[in-house]
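Visitor: Each residue of the sequence shown is one higher than the one before, starting from 25 at the first, in this note's numbering.
Where is the CB? At the ideal position from N, CA and C, for every residue including glycine.
None of these values were measured; they are calculated from a predicted model.
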Amino acid sequence: MTSSQSLRVWQLVAFDRYQLAQPRDFLTVATPGSGKTTFALTIAADLLHRGVVQRIVIVTPTEHLKAQWAHAAERIGIAIDPAMAGRGMLASDFQGFAVTYAGLAANPIAFRVRIERFRTLVILDEVHHAGDALAWGDAVQEACEPATRRLALTGTPFRSDDNPIPFVTYAPGHDGTVTSVADYSYGYGEALRDSVVRPVLFLAYSGQMRWRTRAGDEVAARLGEPLTKDITAQALRTALDPAGAWIPAVMVAANRRLDEVRRRVPDAAGLVIASDQVTARKYAETLASIAGEKPVLVLSDEPGSSARIDKFAAGKGKWMVAVRMVSEGVDIPRLSIGVYATTTATPLFFAQAVGRFVRARRKGETASIFVPSVPLLLALASDLERERDHVIGRAVKDEDDLFAAEAEMLAQAEQAESPSDQLGDFEALGSDARFDRVLYDGGEFGHEGVVSPGSDEELDFLGIPGLLEPAQVAELLRNARSKRASKSSKPIIVEPSAFERQGDLRRELNALVGAWHHRTGQPHGVTHSQLRSACGGPPSGQSTTAQLQERIDKIRSWAMRASG
25 MTSSQSLRVW QLVAFDRYQL AQPRDFLTVA TPGSGKTTFA LTIAADLLHR GVVQRIVIVT
85 PTEHLKAQWA HAAERIGIAI DPAMAGRGML ASDFQGFAVT YAGLAANPIA FRVRIERFRT
145 LVILDEVHHA GDALAWGDAV QEACEPATRR LALTGTPFRS DDNPIPFVTY APGHDGTVTS
205 VADYSYGYGE ALRDSVVRPV LFLAYSGQMR WRTRAGDEVA ARLGEPLTKD ITAQALRTAL
265 DPAGAWIPAV MVAANRRLDE VRRRVPDAAG LVIASDQVTA RKYAETLASI AGEKPVLVLS
325 DEPGSSARID KFAAGKGKWM VAVRMVSEGV DIPRLSIGVY ATTTATPLFF AQAVGRFVRA
385 RRKGETASIF VPSVPLLLAL ASDLERERDH VIGRAVKDED DLFAAEAEML AQAEQAESPS
445 DQLGDFEALG SDARFDRVLY DGGEFGHEGV VSPGSDEELD FLGIPGLLEP AQVAELLRNA
505 RSKRASKSSK PIIVEPSAFE RQGDLRRELN ALVGAWHHRT GQPHGVTHSQ LRSACGGPPS
565 GQSTTAQLQE RIDKIRSWAM RASG
């Protein structure tokens with residue numbers, strides 16, 4: 025096989041680069057949905073055809089992905105056995121086999137023997153999983169070291185720890201860290217411009233939350249307002265409580281958006297990502313009453329999960345509900361609508377989850393993901409096009425340095441879902457949902473004031489057609505904002521209270537710090553520290569209105585000098 029087969033432009037360029045270098049190790053970083061599997065199998069078919077290798081071994085993160093790889097390989101004439109690991113022997117009519125990282129780690133010596141007996145190409149799918157645990161990384165290193173060729177693939181190269189990924193090259197930095205170096209990268213921004221992936225609309229919902237702490241105190245807070253980390257986490261968990269009003273209201277909106285998309289894309293489908301199996305079952309019950317049909321429920325440790333995913337992918341059903349662990353293994357091109365109903369908020373997991381919805385099938389398809397209006401998730405949504413590499417040795421110097429703090433956030437998310445939460449330490453008392461804003465292409469589009477579910481203002485966004493080019497999406501959002509502005513020719517001016525004024529100033533300051541980061545590359549936390557040094561005063565969460573305004577004026581003066 026040669027590069028003349030039907031490939032996307034990026035796949036052709038990467039294939040030609042591989043052909044020219046003929047390396048033993050090659051790392052490809054390509055956004056989810058862009059076609060990493062096709063690229064890798066093209067390499068495999070070429071190496072088999074030329075006799076460079078005799079066998080293909082594919083290592084995947086999940087059992088479901090083993091079957092997906094086997095089906096994809098069969099379509100181009102490569103016979104891969106996804107069940108060999110359970111039998112221990114490969115039949116003569118197969119050219120290779122697939123195994124999970126966990127399966128490889130169970131007996132790395134046995135797999136090393138199989139790999140070194142033949143000239144072997146090892147394909148490491150989502151290779152960042154090789155750093156999930158020291159045992160997994162050691163197993164990959166041990167088993168795959170004798171391979172003739174190794175092709176590593178990932179759509180999310182950054183990780184939350186300092187475990188190096190085997191067979192990945194790291195370049196030293198001036199600050200003592202080392203950063204992964206890809207042999208070929210193809211990011212979401214490039215894929216969007218090439219119409220390889222869909223444009224993604226993030227629809228954020230806020231609302232008033234009430235809960236009782238373990239100490240018996242009742243707390244009320246508005247989701248999305250400037251809050252402490254603990255209060256934000258508790259407000260988010262209250263919103264995601266299946267017994268509250270937030271989840272049903274958001275599901276109603278998501279189902280209405282899906283119905284709108286299905287007017288032009290009849291087989292479009294939706295996925296709700298839940299935190300755990302108990303919650304997933306309750307979400308499925310709620311969604312069944314809203315959508316008028318029972319959703320497919322996928323729980324990762326139940327028998328038949330892969331078969332249910334495959335059946336849903338090939339069918340025309342509307343909804344699937346799955347626990348958060350299944351997000352990376354789901355490959356359903358017709359997924360267009362998502363509800364991000366999990367407290368897990370690391371950049372790695374968020375990118376993997378979004379990747380389930382961006383695969384383009386036809387020109388102009390759009391994806392819509394409903395998210396809680398919390399600062400971290402909104403920052404991740406706004407920063408979707410940013411490429412990241414795996415950095416080892418980076419210190420977390422400030423709580424505002426979101427991406428450096430991924431390990432801490434993951435630990436907090438897991439702690440928030442621990443069994444103790446189900447034993448009375450935390451009790452959600454009530455919630456409601458309000459449409460907040462749409463995030464798209466780095467911009468925000470929303471309404472002034474409170475927008476009720478089902479209102480005309482909310483429908484402005486839920487009624488966006490399901491087939492639009494990226495530029496058309498942006499134009500439609502801009503026109504909707506202009507239309508609303510023209511309607512409010514006689515605005516009612518309400519003087520904000522002191523705490524509302526402080527909240528507005530904190531948001532304005534954070535937005536300016538974010539803009540300064542995108543302009544200079546300087547981390548958010550460093551900028552906040554410099555502003556405190558220049559203006560004095562406590563952290564922004566404890567600053568007075570005057571202190572916040574002084575910092576806003578100061579960073580604006582920096583921007584003016586930099587522009588002058």
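1) Output the distance between the C-alpha atoms of P132 and V164, rounded to the nearest integer angstrom.
2) Roughly how many angstroms separate the alpha carbons of A428 and T370, rounded to a whole number?
3) Relative to the C-alpha of E468, which residue among G549, L501 and V81 is closest?
4) Quick one: give me the first and last residue of the beta strand (DSSP E) that T368 is part of.
5) Along the beta strand (DSSP E) that carries Q232, what are the first and last residues, could you check?
6) What are the complete beta strand (DSSP E) segments, minimum 3 residues, inside the stretch 285-330?
7) Out of curiosity, what's the CA-to-CA distance linking R585 and L533?
8) Distance check for E150 and T52, CA to CA, integer angstroms please.
9) Could you tell me the distance, in whole angstroms, from the CA atom of V537 to the CA atom of L555?
10) Cβ of S360 within 8 Å of Cβ of V274?
11) For Q566, count the other beta carbons within 10 Å of its own beta carbon; 16 or more makes it buried, fewer makes it exposed. Which is it?
12) Who are V462's beta bridge partners in DSSP?
13) Would you please state the rounded distance, in angstroms, between the beta carbons of F118 and I104? I believe it to be under 8 Å.
14) Tell me which residues share the same chain as Y307 and place their Cβ nearer than 8 Å to its Cβ, disregarding the 5 neighbours each side in the sequence.
15) Taking C-alpha atoms, which residue in G341, F226 and V395 lies nearest to L264?
16) Within 8 Å, do at least three Cβ pairs link the stretch 187-206 to the stretch 58-70?
17) Are at least three pairs of beta-carbons, each pair with one atom in the stretch 491-501 and one in the stretch 379-396, less than 8 Å apart?
18) What is the rounded straight-line gap between the Cα of R623 and the Cα of F63?
19) How big is the Cα-Cα spacing for Q436 and L89?
20) Nearest to S581 by alpha carbon, out of A558, T568, F374 and P562?
21) Please report the residue range of the beta strand (DSSP E) in which R246 lies.
22) How is the beta strand (DSSP E) around G454 delimited, first residue to last?
23) Just the C-alpha distance for L321 and A277, rounded to the nearest angstrom, thanks.
24) If we count the other Cβ atoms within 10 Å of its Cβ and call it buried at 16 or more, is E249 buried or exposed?
25) Between which two residues does the alpha helix (DSSP H) carrying L400 extend?
26) With DSSP collapsed to three states, give me the class of G339.
27) Quick check: the Cα distance between Y212 and T55, rounded to an integer number of angstroms?
28) Would you identify the three-state DSSP class for S58, choosing helix, strand or coil?
29) Pick helix, strand or coil for R383, following the three-state DSSP scheme.
30) Quick one, which of R458, I147, S116 and G561 has its alpha-carbon nearest A171's?
31) State yes or no: is the C-beta of T178 within less than 8 Å of the C-beta of S455?
32) Need the endpoints of the alpha helix (DSSP H) that V205 sits in, please.
33) Which of the three DSSP states is assigned to T66 in this structure?
34) With a threshold of 7 Å on Cβ separation, who are the neighbours of L529 within its own chain once the five nearest residues in sequence on each side are excluded?
35) With 16 other CB atoms within 10 Å as the buried threshold, where does L260 fall?
Guide: Result, derived from the coordinates:
1) P132 and V164 have their alpha carbons spaced roughly 7 Å apart.
2) Per-residue confidence for A428 stands at a pLDDT of 35, beneath the threshold of 50, marking its modelled position as unreliable; the derived number appears in the next sentence. Using only the alpha carbons, I get a separation of about 10 Å.
3) Closest by alpha carbon: L501.
4) T368 -> no beta strand (DSSP E), and no H or E assigned at all.
5) Here the beta strand (DSSP E) through Q232 covers V224 to R236.
6) Within the stretch 285-330, the complete beta strand (DSSP E) runs of at least 3 residues fall at 293-298 and 320-322.
7) R585 and L533 have their C-alpha atoms spaced approximately 18 Å apart.
8) Going from the Cα of T52 to the Cα of E150 covers about 10 Å.
9) In this structure, the CA atom of V537 is about 10 Å from the CA atom of L555.
10) No, they are not a contact pair.
11) In the assembly as shown, Q566 is an exposed residue. Its beta-carbon has fewer than 16 other beta-carbons within 10 Å.
12) Paired residues: L227 and F469.
13) Going by Cβ atoms, the distance from F118 to I104 rounds to 7 Å, so yes, they are a contact pair.
14) Cβ neighbours of Y307 beyond the five flanking positions: P266, I271, M275, V296, A298, V345 and A365.
15) Out of G341, F226 and V395, V395 has the C-alpha closest to the C-alpha of L264.
16) Short answer: they don't touch.
17) Under the three-pair Cβ rule at 8 Å, the stretch 491-501 counts as touching the stretch 379-396.
18) Residue 623 is absent from the model: the chain starts at 25 and stops at 588.
19) Any reading at Q436 is ruled out, since the residue's pLDDT is 39, under 50, leaving its predicted position unreliable.
20) Out of A558, T568, F374 and P562, the CA that lies nearest to the CA of S581 is found in A558.
21) Judged by DSSP secondary structure, R246 falls within the beta strand (DSSP E) whose first and last residues are E242 to L247.
22) Residues E451 to S455.
23) Whole-angstrom Cα-Cα distance: 20 Å.
24) The C-beta of E249 has 16 or more other C-beta atoms within 10 Å across all chains shown, which makes the residue buried.
25) Secondary structure note for L400: its alpha helix (DSSP H) is the uninterrupted segment P399 to S406.
26) In the three-state DSSP reduction, G339 falls in the coil class, being neither helix nor strand.
27) Rounded to the nearest angstrom, the two C-alpha atoms are 5 Å apart.
28) S58: coil per DSSP, three-state reduction.
29) Strand, per DSSP.
30) Here the closest residue by C-alpha is I147.
31) For T178 and S455, no; Cβs fall outside 8 Å.
32) Counting along the chain, V205 falls outside any alpha helix (DSSP H), though it belongs to the beta strand (DSSP E) covering V202 to V205.
33) Three-state result, T66: helix.
34) So the list reads T569, L572, Q573 and I576, once near-sequence residues are dropped.
35) L260 should be labelled buried.
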